[in-house]
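**Q** The sequence shown begins at 1 in full-length UniProt numbering and counts up one residue at a time. The beta carbon of each residue, even a glycine, is placed where N, CA and C say it ideally should be.
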Amino acid sequence: MSAETPGTAVVADRALADRAYRVREHVLRMGASEHGAHIGGSLSCTDVLVHLYTEVLRLRPDEPDWPGRDRFVLSKGHAAPALYAVLAEIGVIEPEELETYTRQGSRLAGHPLGRLPGVEFPTGSLGHGLSLGAGVALAMRRLGRDSRSFVLLGDGELQEGSVWEAAMLAAQYRLDNLVAVVDRNGLQITGDTEDCVALEPLAERWRSFGWHAVEVDGHDHAALRAVFRDLPAVTDRPTVVVARTVKGRGVALFEGKKKSHSVQLTPRLYQRAKAGLRAGRQS
């Protein structure tokens, strides 16, 4: 990677923010489709996804199955709208295909399907993504490849026991090519995660399982850059990045509200959401 001055970092952050804004526009349009979408969790992880796909993951958008690529697993599969929008932004799929979201015969289902380029595994049944990611990381090591495996988890998803089984295995095998990112927006469909099954102190829990754990503002691209640049220095254990986020980020109508978990936007609500997104950008 070439050297970066403070000025170039500012330009990069602005470009990332612009891309994240477009992704959020796409998410809202998908939320206005006949079947609606999981808007809140898609908006909360948008900045993380944009950052990963723009600056971190080693990919060839015009060759999605390139053997040397990093692997990404969207364990919180209900955030598929954000993933689809990012894949369109980087050129893996055409932006026009986003208009087919959840239509009969579309490759863009409510949760990711393996037949879409750029999607490594179909996901949606929560709690399985980290096991998949750990398996990929172990396979890459045994094949002698330097690819890394990234997994994006929801915080409510961490109530699934299979997540912690995979966490133990990854630490046992010292999978330093495995990176988990937790979208820590604090809300799940039934309410506050701490009222359902308490997760805090979350980073410390991961450390107790033998992971390198860091916490970061999941909406701050400069902070995300600093965290992900340090990852190659961790060579004896897997890493988890606890990204502190806001459910519904970018749309005041939905920010911090559990009702944004799954929404079918009526024409009127869609216009209000779009106006809120624009207002947030200008403020």
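Report the CB separation of Val48 from Ala243 in whole angstroms; it is logged as a contact under 8 Å.
**A** 5 Å between Cβ atoms; contact.
**Q** Going by DSSP in three states, Ser44 sits in which element: helix, strand or coil?
**A** Helix, per DSSP.
**Q** Where does Phe228 fall in DSSP's three states?
**A** It is helical.
**Q** Terminal residues of the continuous alpha helix (DSSP H) containing Glu165?
**A** Residues Gly161 to Gln172.
**Q** Around the Cβ of Arg268, are there at least 16 other Cβ atoms within 10 angstroms (buried) or fewer (exposed)?
**A** Looking at its Cβ environment, which holds fewer than 16 other Cβ atoms inside 10 Å, Arg268 is exposed.
**Q** In or out: Val263 buried (at least 16 other Cβ within 10 Å) or exposed?
**A** Looking at its Cβ environment, which holds 16 or more other Cβ atoms inside 10 Å, Val263 is buried.
**Q** Does DSSP put Gln188 in a helix, in a strand, or in coil?
**A** Gln188: strand per DSSP, three-state reduction.
**Q** Below 7 Å between beta carbons: does that hold for Leu199 and Leu143?
**A** No.
**Q** Please report how far the alpha carbon of Ala3 lies from the alpha carbon of Val11, in whole angstroms.
**A** Per-residue confidence for Ala3 stands at a pLDDT of 46, beneath the threshold of 50, marking its modelled position as unreliable; the derived number appears in the next sentence. Approximately 14 Å between the Cα atoms of the pair.
**Q** Run the CB neighbour count on Pro112, radius 10 Å, all protein chains shown included, and call it buried at 16 or more, exposed below.
**A** Answer is buried; the Cβ neighbour count reaches 16.
**Q** Quick check on DSSP: helix, strand or coil for His212?
**A** Strand at His212.
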